[in-house]
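Student: Numbering (my numbering), first residue to last: 3 to 372. Attaching a single structure in structure tokens format; questions to follow.
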Amino acid sequence: MSEGRRIRVAVVFGGRSSEHAISCVSAGSVLRALDRERYDVVPIGLTPDGRWVLEADDPDRLRIADGKLPEVDAAGAAVVLAGDPTRHELQVHEPGDVPQTLAGVDVVFPVLHGAYGEDGTIQGLLEMAGVPYVGSGVLASAAAMDKGVMKALFAGAGLEQAPYVVVTDRDWSRDREGALERIRTLGLPVFVKPARAGSSLGITKVVDDAALVEAVEEARRHDPKVVVEAGVVGAREIECGVLADEDGAPRASVCAEIVVHGDHDWYDFEAKYLDDGADLVVPADLPDGVADRVRELSVLAFDALGCEGLARCDFFVLPDGRVLINEVNTMPGFTSISMFPRVWQETGVDYPTLVDRLVRDALRRGTGLR
Ligand SMILES: Nc1ncnc2c1ncn2[C@@H]1O[C@H](COP(=O)(O)OP(=O)(O)O)[C@@H](O)[C@H]1O
Ligand SMILES: [Mg+2]
Numbered sequence: 003m004s005e006g007r008r009i010r011v012a013v014v015f016g017g018r019s020s021e022h023a024i025s026c027v028s029a030g031s032v033l034r035a036l037d038r039e040r041y042d043v044v045p046i047g048l049t050p051d052g053r054w055v056l057e058a059d060d061p062d063r064l065r066i067a068d069g070k071l072p073e074v075d076a077a078g079a080a081v082v083l084a085g086d087p088t089r090h091e092l093q094v095h096e097p098g099d100v101p102q103t104l105a106g107v108d109v110v111f112p113v114l115h116g117a118y119g120e121d122g123t124i125q126g127l128l129e130m131a132g133v134p135y136v137g138s139g140v141l142a143s144a145a146a147m148d149k150g151v152m153k154a155l156f157a158g159a160g161l162e163q164a165p166y167v168v169v170t171d172r173d174w175s176r177d178r179e180g181a182l183e184r185i186r187t188l189g190l191p192v193f194v195k196p197a198r199a200g201s202s203l204g205i206t207k208v209v210d211d212a213a214l215v216e217a218v219e220e221a222r223r224h225d226p227k228v229v230v231e232a233g234v235v236g237a238r239e240i241e242c243g244v245l246a247d248e249d250g251a252p253r254a255s256v257c258a259e260i261v262v263h264g265d266h267d268w269y270d271f272e273a274k275y276l277d278d279g280a281d282l283v284v285p286a287d288l289p290d291g292v293a294d295r296v297r298e299l300s301v302l303a304f305d306a307l308g309c310e311g312l313a314r315c316d317f318f319v320l321p322d323g324r325v326l327i328n329e330v331n332t333m334p335g336f337t338s339i340s341m342f343p344r345v346w347q348e349t350g351v352d353y354p355t356l357v358d359r360l361v362r363d364a365l366r367r368g369t370g371l372r
């Protein structure tokens, strides 16, 4: 990277997961925030079927307009990122034209949620290509995507969480009764979840044993690996942002609370995405000791998975003040009104500064041994 040249940032968004639209909206906010004096920005959209296309540098196209969710369409020129680490280049293919080369991508901001984005796959591609990228590496991304692996790592680090059992495809097909017996040791209610999903998709709260088998089948429609957890009753849902400082050390933000509205019993898909489903209270009204505990546990959870750059850590706080870890998201919602930017805003880091810090953190870290 020569002196004086702007740093070329590829913002990659959309993608094959169910969170395609939210990723587009997040990317619109990131594009709007990147300082064009310092950064030369290349927006790259991934279509829902996985095609890579060069997008217009126009954040307004990525808004929710007239109730219509944004989506990457395949109309743009095809983009190819070479896996060859000596090249660092993007090839752009316009139909009928000789491929053009866009030289020197310095860093990628994968604003992707869920499968094929937040799960270590694009991170692996970028490692192959030798291009630094924002956020966690291959292992931490994959570990945080799989609730079974994530919970085992939390347990290994001594973090308190709800009791759970993992039901693999083999467990379910070979010894269903054995699997159900293990689940029944958890009591009721339980939350039955696909191991690798998001946005609460495929999750069922089971209050009656008769509904258990169907709940497992429903989770299995999303992932053959299922995690069943004892329901945490009467808890508050508290979230905390973790961001790497200049040296890469994780720092925790103020805490926030999710307050789910009356018609929703828990933070299900509708409560997450319908306008009036839930309130985000920033900062959360918690006793000082509890807030400090959540912040401390957030850093421990971040380190338990080996995260880098950023993560949002989600907890249940019980009436007696006990704090249970629920999950870590390595690429949390990143629209300007999403939880992660809001807790940092409240902590004194505004959105453009947040984006800038993440890009610098990626460049400082480079690639290798991820
Ligand atoms: N063990 C549990 N006890 C009580 N509520 C739970 C439990 N697990 C999940 N939930 C509820 O379900 C929501 C989604 O579960 P979560 O594991 O965070 O899945 P996702 O990765 O889809 O966000 C949580 O925000 C919470 O409202
Ligand atoms: Mg969650």
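Backbone N, C-alpha and C fix where the C-beta goes; we use that ideal spot for every residue, glycine too. Given the structure is predicted, the values throughout are model-derived calculations rather than measurements.
(1) Use the C-beta contact count for Ile185: other C-beta atoms within 10 angstroms, 16 or more gives buried, fewer gives exposed.
(2) Quick check on Pro112: does DSSP put it in helix, strand or coil?
(3) Count the other C-beta atoms from every protein chain shown that fall within 10 angstroms of the C-beta of Met3, then say buried if there are 16 or more, exposed otherwise.
(4) Please report the residue range of the beta strand (DSSP E) in which Trp54 lies.
(5) When every heavy atom of ligand 3 is checked, does at least one fall within less than 6 Å of the C-beta of Asp270?
(6) Under DSSP, the beta strand (DSSP E) around Thr88 begins and ends at which residues?
(7) Scan the segment 131–185 and note each continuous beta strand (DSSP E) run of 3 residues or more that stays entirely inside, going in chain order.
(8) Hey, quick one: how far does the alpha helix (DSSP H) through Lys274 stretch, first residue to last?
(9) Can we count Glu241 as close to ligand 2, meaning its CB is less than 6 Å from some heavy atom?
(10) Is Gly243 helix, strand or coil by DSSP?
(11) Opposite Arg297 in the DSSP bridges: which residues?
(12) Would a C-beta distance cut-off of 7 Å place Trp346 and Gly250 closer than the cut-off?
(13) Extract the residue ranges of the alpha helix (DSSP H) inside the segment 193–275, only unbroken runs of 4 or more that lie entirely within it.
(14) With DSSP as the reference, identify every bridge partner of Ala280, one or two as the case may be.
(15) Excluding the 5 residues preceding and the 5 following Leu320 in the sequence, name in chain order all residues of the same chain whose CB lies nearer than 6 Å to its CB.
(16) Evaluate Glu329 with the Cβ neighbour count: other Cβ atoms within 10 Å of its Cβ, from every protein chain shown; 16 or more gives buried, anything less gives exposed.
(17) I need the boundaries of the beta strand (DSSP E) containing Cys315, first residue and last residue.
(18) Going by DSSP in three states, Ser4 sits in which element: helix, strand or coil?
(19) If I follow the unbroken beta strand (DSSP E) through Gly47, where does it start and stop?
(20) Helix, strand or coil, according to DSSP, for Ala12 in the structure here?
(21) Should Val234 be counted as a contact of ligand 1 given a C-beta to heavy atom distance under 6 Å?
Tutor: On the basis of the coordinates in this document:
(1) Taking the sequence shown and counting its residues from 1, one reaches residue 185 at position 183. Ile185 comes out buried.
(2) Along the sequence shown, one-based indexing puts residue 112 at 110. Pro112: strand per DSSP, three-state reduction.
(3) In the sequence shown, residue 3 corresponds to position 1, counting from 1. Residue placement at Met3 is flagged as unreliable, the pLDDT there being 49, under the threshold of 50; the coordinate-derived value follows with that caveat. Met3 comes out exposed.
(4) For the purposes of this step, residue 54 is taken as residue 52 along the sequence shown, with counting starting at 1. First-last of the beta strand (DSSP E) with Trp54: 54–56.
(5) Ligand 3 is not part of the structure shown, which contains ligand 1 and ligand 2 as its ligands.
(6) Working through the sequence shown from its first residue, we reach residue 88 at position 86. No beta strand (DSSP E) holds Thr88; DSSP gives it neither H nor E.
(7) 166–169
(8) Reading the sequence shown from its first residue, position 272 is the one you call residue 274. Looking at the DSSP string, the run of the alpha helix (DSSP H) that includes Lys274 is 271–275.
(9) Counted from its first residue, the sequence shown places residue 241 at position 239. Incorrect: Glu241 has no Cβ contact closer than 6 Å to ligand 2.
(10) For this step, residue 243 is matched to residue 241 along the sequence shown. DSSP places Gly243 in strand when its eight states are reduced to three.
(11) The residue labelled residue 297 in the question sits at position 295 within the sequence shown. Its beta-bridge partners do not exist; DSSP assigns none.
(12) Along the sequence shown, read from residue 1 onward, the residue named residue 346 stands at position 344. Along the sequence shown, read from residue 1 onward, the residue named residue 250 stands at position 248. No, the pair does not count as a contact, with Cβ atoms beyond the cut-off.
(13) 214–222, 271–275
(14) Within the sequence shown, numbered from 1, the residue matching residue 280 stands at position 278. According to DSSP, which records beta bridges pairwise, Ala280 is partnered with Val262.
(15) In the sequence shown, the residue the question calls residue 320 occupies position 318. Within the same chain, Leu320 has close Cβ partners Ala237.
(16) Here residue 329 refers to the residue found at position 327 of the sequence shown. Buried.
(17) Residue 315 sits at position 313 when you count from the first residue of the sequence shown. 312–319 is the extent of the beta strand (DSSP E) around Cys315.
(18) As a first step, residue 4 is located in the sequence shown; it is residue number 2 there, counting from the start. Model confidence at Ser4 stands at a pLDDT of 47, short of 50, so the residue's coordinates are unreliable and nothing is read from them.
(19) Within the sequence shown, residue 47 is the residue found at index 45, counting from 1. Unbroken beta strand (DSSP E) run through Gly47: 41–48.
(20) In the sequence shown, the residue the question calls residue 12 occupies position 10. In this structure, Ala12 counts as strand in the three-state DSSP scheme.
(21) Residue 234 sits at position 232 when you count from the first residue of the sequence shown. Because some heavy atom of ligand 1 lies under 6 Å away, the Cβ of Val234 counts as near it: yes.
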